[in-house]
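Undergrad: Those protein sequence lines, which keep their order, are chains H and C.
Under the working numbering, the first residue of the first sequence is numbered 1, with each subsequent residue one higher.
Under the working numbering, the first residue of the second sequence is numbered 237, with each subsequent residue one higher.
Glycine included, each C-beta is placed from N, C-alpha and C at the ideal position.
Handing you a structure now.
Number of protein chains: 2
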Amino acid sequence: MTLSLHERIRTDIESAILSGKLAPEERLPVEHELMQVYQCSRMTVNKALSALAAAGLIERRKGAGSFVGRPHAHSMILDVPDLSVEVAKRGHVYGYQLLARKLRVPARGNAEEELLAGGRRLLQLDGLHSADGAPMAVERRLVSLAAVPAIADADLEREPPGTWLLRHVPWTEAETRISAVSADAETARLLKVAAGTACLLVERQTWRGSERITSVRQYFLGTAYHLVARFGSSRS
Amino acid sequence: MTLSLHERIRTDIESAILSGKLAPEERLPVEHELMQVYQCSRMTVNKALSALAAAGLIERRKGAGSFVGRPHAHSMILDVPDLSVEVAKRGHVYGYQLLARKLRVPARGNAEEELLAGGRRLLQLDGLHSADGAPMAVERRLVSLAAVPAIADADLEREPPGTWLLRHVPWTEAETRISAVSADAETARLLKVAAGTACLLVERQTWRGSERITSVRQYFLGTAYHLVARFGSSRS
DNA sequence: CACCTTAGAATGTATAGACATATAGCGCAA
DNA sequence: TTGCGCTATATGTCTATACATTCTAAGGTG
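What follows is the structure in structure tokens.
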């Protein structure tokens, strides 16, 4: 595979940074020097450096120069698969069961719920994900009726609300917190395991612009589920 | 904030996709049409579309056109901070203690260890990360001496091997598995918690090209640590 | 010596054109 | 009708240039 020139410049600098030959905060050669080195036009050098900046590897300051980024705060790509797809891919039969559906006002003093509600009501949806009939994850979701009025009429008995939302509601931003907790009595009962069993807790909030759409807490059986994140060129 | 022209083109198309106005697999206007619409040169349009392609929002095929990407195979950006930096940022004092250092051959029949060793020996490094003296994570790391001979002479008593590796060894690819487990007796003892306490298990493997460099298993106290992943424009 | 002005340096954005290369569809021939 | 080759199309890469914007440092002034 012959790399194009701007790709070659990009990877040269990239490996110099990753190998430590270029230390964090260190200044890179300026564009005109790289033009000399690679015998090319400034736009080509610029394309390579802009790509590195977009990837967060370097920081460019107008008038000042280009600098290697802060300590390798290497960010990776986290795949967040749709549960039903993921389960099917492993050859199991996916199931979803809606446990509770409540239309309610935000809890008093719960700032997060009040922000999500935006002065109106919330739809609370509790459900259970399973693979081949075995419980796999408990999910507690809150949806803002202010942002998604249509969900009040949606049929959520068979389709998980996450899938319904993905298909019907555009969103622009999301944040996921991943941690580990011991299952409380209620969660353990639903997952049919002993209380205190380790669960992977995934908490996600979703926005469209500055408007909050939904927040969800998912408790995964630690032994049945894991997340994978990648860095690098090997893309599936 | 006045956007530059290529940024405006980029965000226009981005929001058309996110809002569903442009459906997945749908074909985008070709570059010459966008030149007409925005009254600009092809390079400007190209810059906008290339950025969208790099972000995975669209797919471009030479000779065929540009197409909206597959259904959001929702990938998010996972921040993988250096532990010492993360702890310091929260105002605690970070500590690292090397518990064991063994030079050994890969376990017979353990394919992963044999791949990592590459016919030579492995360096096993067990350590404990702490914040303000309180145990926070146990780490078991294997380093390939074939890939990183220099680590045999490194002083790893005070500096975590992860930090040392980041500073001295170039790597190009990494994969992280995140799951939840109950602490076994040994891990619980080191973390000074009851056996069975929920821990966040982070397993990471690192490559340079096709050569394996290191693999590590970190058991984090569930209550003391979490990971955050983001999708969207809000960049820190 | 402290402060301000200014010139140069470096990146940001954009243009117009050129050639390369992969794709898809059309028309022709078997 | 089927299959093949050609061509128009669309993106990929690169050049050379121009002007805008922002930062740094040098030098002059009080």
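Check the Cβ-Cβ distances between Phe303(C) and every residue of chain H, and say whether any is below 8 angstroms.
TA: No, its Cβ sits nowhere closer than 8 angstroms to a Cβ of chain H.
Undergrad: Would DSSP call Arg403(C) helix, strand or coil?
TA: Arg403(C): helix per DSSP, three-state reduction.
Undergrad: Rounded to whole angstroms, what is the Cα-Cα separation between Val429(C) and Val379(C)?
TA: One C-alpha to the other measures close to 28 angstroms.
Undergrad: Check each residue of the region 361-392 of chain C: if its Cβ is closer than 7 angstroms to any Cβ of chain H, include it; give the result in chain order.
TA: Those residues of the region 361-392 of chain C that come within reach of chain H (Cβ to Cβ, closer than 7 angstroms) do not exist; the list is empty.
Undergrad: Check whether the region 108-117 of chain H and the region 179-191 of chain H touch, using three or more Cβ-Cβ pairs below 8 angstroms as the test.
TA: With a cut-off of 8 angstroms, the region 179-191 of chain H and the region 108-117 of chain H do not count as touching, because too few Cβ pairs lie within range.
Undergrad: Please state whether DSSP places Gly331(C) in a helix, a strand or coil.
TA: If DSSP states are grouped into helix, strand and coil, Gly331(C) belongs with the strands.
Undergrad: Just the Cα atoms here: how many angstroms apart are Ala290(C) and Leu98(H)?
TA: Their Cα atoms are separated by approximately 38 angstroms.
Undergrad: Who does Glu447(C) pair with in a DSSP beta bridge?
TA: Partner(s): Arg444(C).
Undergrad: Using a cut-off of 9 angstroms between C-beta atoms, extract the partners of Leu254(C) located in chain H.
TA: Result: Pro170, Trp171, Thr172 and Arg208.
Undergrad: Beta-carbon of Asp315(C) versus every beta-carbon of chain H: anything under 8 angstroms?
TA: So, interface residue.
Undergrad: Using a cut-off of 7 angstroms between C-beta atoms, extract the partners of Leu436(C) located in chain H.
TA: Ordered by position in chain H, the residues that pass the 7 angstroms Cβ test against Leu436(C) are Ser179 and Ala180.
Undergrad: With DSSP as the reference, identify every bridge partner of Glu511(C), one or two as the case may be.
TA: Outside the modelled stretch of chain C, which goes from 237 to 472, sits residue 511(C), for which no answer is possible.
Undergrad: Since Asp248(C) is in the beta strand (DSSP E), which residue starts that stretch and which ends it?
TA: No beta strand (DSSP E) contains Asp248(C), which is instead part of the alpha helix (DSSP H) from Leu241 to Leu254.
Undergrad: Between which residues of its own chain and Ser234(H) is the CB-CB distance below 7 angstroms, once the five residues before and five after are set aside?
TA: Any reading at Ser234(H) is ruled out, since the residue's pLDDT is 41, under 50, leaving its predicted position unreliable.
Undergrad: For Ser130(H), which residues from the same chain have a beta carbon less than 6 angstroms from its beta carbon, with the 5 sequence-adjacent residues on both sides left out?
TA: Contacts found: Gly95 and Met136.
Undergrad: Would you verify that the beta carbon of Ser75(H) is, or is not, closer than 8 angstroms to some beta carbon of chain C?
TA: Yes, its Cβ sits closer than 8 angstroms to a Cβ of chain C.
Undergrad: Just mark Val452(C) as buried or exposed, buried being the case when its beta carbon has 16 or more other beta carbons within 10 Å.
TA: It counts as buried.
Undergrad: Which chain H residues are close to Ala290(C), counting only those with a beta carbon under 9 angstroms from its beta carbon?
TA: Chain H residues near Ala290(C): Ala51, Ala54 and Ala55.
Undergrad: If I'm right that Val329(C) touches Tyr455(C) with Cβ under 8 angstroms, what's the distance once you round it to whole angstroms?
TA: At roughly 21 angstroms, the Cβ-Cβ gap does not stay under 8 angstroms, so Val329(C) and Tyr455(C) are not in contact.
Undergrad: What does Val464(C) reach in chain H if we use C-beta pairs closer than 8 angstroms?
TA: Ordered by position in chain H, the residues that pass the 8 angstroms Cβ test against Val464(C) are Glu175, Thr176, Arg177 and Ile178.
Undergrad: Between Pro160(H) and Leu83(H), is the Cβ-Cβ spacing less than 8 angstroms?
TA: Yes, the pair counts as a contact, with Cβ atoms nearer than the cut-off.
Undergrad: Please state whether the Cβ-Cβ distance between Val304(C) and Ile294(C) is less than 8 angstroms.
TA: Yes. Within cutoff.
Undergrad: Check the Cβ-Cβ distances between Gly196(H) and every residue of chain C, and say whether any is below 8 angstroms.
TA: Yes, because at least one Cβ of chain C sits closer than 8 angstroms to the Cβ of Gly196(H).
Undergrad: Check the DSSP bridge columns for Val208(C) and list the partner residues they point to.
TA: Shown here, chain C extends from 237 to 472; a query on residue 208(C) therefore has no answer.
Undergrad: According to DSSP, what are the bridge partners of Gly301(C)?
TA: Looking at the DSSP assignment, Gly301(C) forms a beta bridge with Arg297(C).
Undergrad: Quick check on Thr214(H): buried or exposed, where buried means 16 or more other Cβ atoms within 10 Å of its Cβ?
TA: It counts as buried.
Undergrad: Is the Cβ-Cβ distance between Ile253(C) and Leu270(C) less than 8 angstroms?
TA: Against a cut-off of 8 angstroms, the Cβ pair of Leu270(C) and Ile253(C) comes out as no contact.
Undergrad: Would you say the beta carbon of Asp362(C) comes nearer than 7 angstroms to a heavy atom of the ligand MN?
TA: Questions concerning the ligand MN fall outside what the structure shown contains, since it holds no ligand whatsoever.
Undergrad: Can the beta-carbon of Leu125(H) be found closer than 8 angstroms to that of Arg158(H)?
TA: The answer is no: Cβ separation not under 8 angstroms.
Undergrad: Looking only at its chain, what residues have a beta carbon closer than 6 angstroms to the beta carbon of Ala383(C), apart from the 5 residues adjacent to it on each side?
TA: Excluding sequence neighbours, Ala383(C) sits near Glu447 and Ile449.
Undergrad: Label Ser182(H) either buried or exposed according to how many other C-beta atoms from any shown protein chain fall within 10 Å of its C-beta, with 16 as the threshold for buried.
TA: Answer is buried; the Cβ neighbour count reaches 16.
Undergrad: How about His226(H) and Ile387(C): are their beta carbons less than 8 angstroms apart?
TA: No, the Cβ-Cβ distance between His226(H) and Ile387(C) is not below 8 angstroms.
Undergrad: Contact check, Ala226(C) vs Cys199(H) under 8 angstroms by CB: the rounded distance?
TA: No answer is possible for residue 226(C): the residues shown for chain C start at 237 and end at 472.
Undergrad: CB Arg204(H) to CB Glu175(H), shorter than 8 angstroms?
TA: Contact: yes.
Undergrad: Would you verify that the beta carbon of Gly91(H) is, or is not, closer than 8 angstroms to some beta carbon of chain C?
TA: Not an interface residue.
Undergrad: Answer with buried or exposed for Met312(C), where buried requires no fewer than 16 other C-beta atoms within 10 angstroms of its C-beta.
TA: When all chains shown are included, Met312(C) counts as buried.
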